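Student:
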Amino acid sequence: MQPPFTHRWDVTPAQARLIQEAGRALVVAEDRLDPIGRVAGVDVGFEQGGAVARAAVAVLEFPSLAPVASAVARRPAAFPYVPGLLSFREIPAILDALERLDAPPDLLVCDGQGLAHPRRFGLACHLGVLTGLPSLGAAKSRLLGEHGPLPPERGAWAPLVDRGETVGAVLRTRAGVAPLYVSIGHRVSLARAVGLVLALAPRYRLPETTRRAHRLASGPADATAR
DNA sequence: GCGACAG
DNA sequence: ATCTTGTCGC
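Convert by adding 69 to the 1-based position in the first sequence; the result is the number in my numbering.
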């Protein structure tokens with residue numbers, strides 16, 4: 070089984086960093102996955118100026134990418150946004166949404182960093198260790214690390230390096246659009262993570278999936294109000 | 001001290 | 001993340 074990893078969520082920033090230091094030892098940074106039948110895209114964000122944390126999860130069959138389930142959850146944010154401590158705002162809402170899914174996923178594709186994090190324990194690692202599920206980070210922007218020039222064509226990638234350590238990859242999922250920052254979450258290697266994100270990229274994009282998950286979960290009243 | 005800083 | 005104006009390229 071998974072090593073147990075539970076902790077409080079009503080913590081100070083200093084306590085949150087200590088929890089991250091403890092959690093990083095539990096991250097499995099290599100491929101330990103079964104065949105993937107369903108992938109969950111996990112998008113996070115906030116509402117009401119940061120007072121409410123929101124999570125939207127869409128489950129797709131893999132590799133067909135046919136949608137099979139979705140859920141959204143909102144929670145009063147018990148933690149401010151602090152760079153490096155995003156999990157403590159968002160993961161409670163994510164866990165709520167995951168519990169409501171009809172079809173459990175085999176992989177979590179997270180909207181945020183994994184190992185590409187100051188303490189090597191970004192949201193993707195944290196969620197992976199908590200659930201025991203394979204996970205990876207696919208962030209829309211950079212938290213830390215440097216990289217060389219990125220060729221313009223789809224599939225091009227460059228290592229993301231922090232303090233002399235490769236912590237992720239910058240991946241061009243489409244020509245002419247901003248790259249994604251891919252990193253290991255849990256039980257997935259970086260090479261596999263890059264390959265998976267590329268396989269999802271043609272029809273799966275985080276912002277679109279978020280809107281779709283909201284529409285599916287909030288019903289026609291909300292959908293027509295937009 | 002100054003700038004950077006997932007969502 | 002979200003909002004708004006100005007600019008560039010197809």
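All C-beta atoms, glycine included, are put in the ideal place defined by N, C-alpha and C. In this text the structure is predicted, and so the values were computed from the model without any measurement.
#1: For T235, which beta-bridge partners are listed by DSSP?
#2: Check whether the region 137 to 148 touches the region 105 to 119, counting contact only when three or more Cβ pairs, one atom from each stretch, lie closer than 8 Å.
#3: Beta-carbon within less than 6 Å of R243's beta-carbon, same chain only, minus the 5 sequence neighbours each way: which residues are those?
#4: In this structure, does DSSP put P276 in helix, strand or coil?
#5: Identify the residues that DSSP records as bridge partners of H255: which are they?
#6: Give me the Cα-Cα distance between A85 and G264, rounded to the nearest whole angstrom.
#7: With A138 as the anchor, note down where its beta strand (DSSP E) starts and where it stops.
#8: Under a Cβ-count criterion, where at least 16 other Cβ atoms within 10 Å of its own Cβ denotes burial, should V251 be classed as buried or exposed?
#9: Would you tell me roughly how many angstroms separate the C-alpha atoms of P145 and A238, rounded to the nearest one?
#10: Under three-state DSSP, which class holds W78?
#11: Looking at A147: is its Cβ nearer than 8 Å to the Cβ of W78?
#12: Give me, in chain order, the residues of the same chain whose beta-carbon lies closer than 8 Å to that of L219; leave out the 5 immediate sequence neighbours on both sides.
#13: Taking P152 and L87 to be in contact with their CB atoms under 8 Å, please state how far apart those CB atoms are, rounded to whole angstroms.
#14: Measure the C-alpha to C-alpha separation of G197 and V80 and round it to an integer number of angstroms.
#15: From this set, D180, E99 and A91, which residue's C-alpha is nearest A124's C-alpha?
#16: For the alpha helix (DSSP H) that F157 lies in, which residues bound it at each end?
Tutor: Checking against the coordinates, here is how it stands:
#1: Beta bridge pairing from DSSP links T235 with V230.
#2: The answer is yes - the region 105 to 119 touches the region 137 to 148, with three or more Cβ pairs under 8 Å.
#3: R223.
#4: With a pLDDT of only 49 at P276, under the threshold of 50, the placement of this residue in the model should not be trusted; the figure read from the coordinates follows. Residue state for P276 is assigned as helix, using DSSP reduced to three classes.
#5: Partner(s): S204.
#6: When rounded, the distance between both Cα atoms is 32 Å.
#7: First-last of the beta strand (DSSP E) with A138: P136 to P145.
#8: So V251 ends up on the buried side.
#9: Their backbone Cα atoms lie some 33 Å apart in a straight line.
#10: The DSSP-derived three-state label of W78 is coil.
#11: Yes, the Cβ-Cβ distance between A147 and W78 is below 8 Å.
#12: Only A225, W226, A227, V239, R241 and P248 meet the Cβ criterion.
#13: Not quite, the Cβ-Cβ distance comes to about 17 Å (not below 8 Å), so this is no contact.
#14: Distance between the alpha carbons of G197 and V80: 20 Å.
#15: Comparing alpha carbon positions, the residue from D180, E99 and A91 closest to A124 is D180.
#16: In the DSSP assignment, F157 falls within the unbroken alpha helix (DSSP H) covering L155 to E168.
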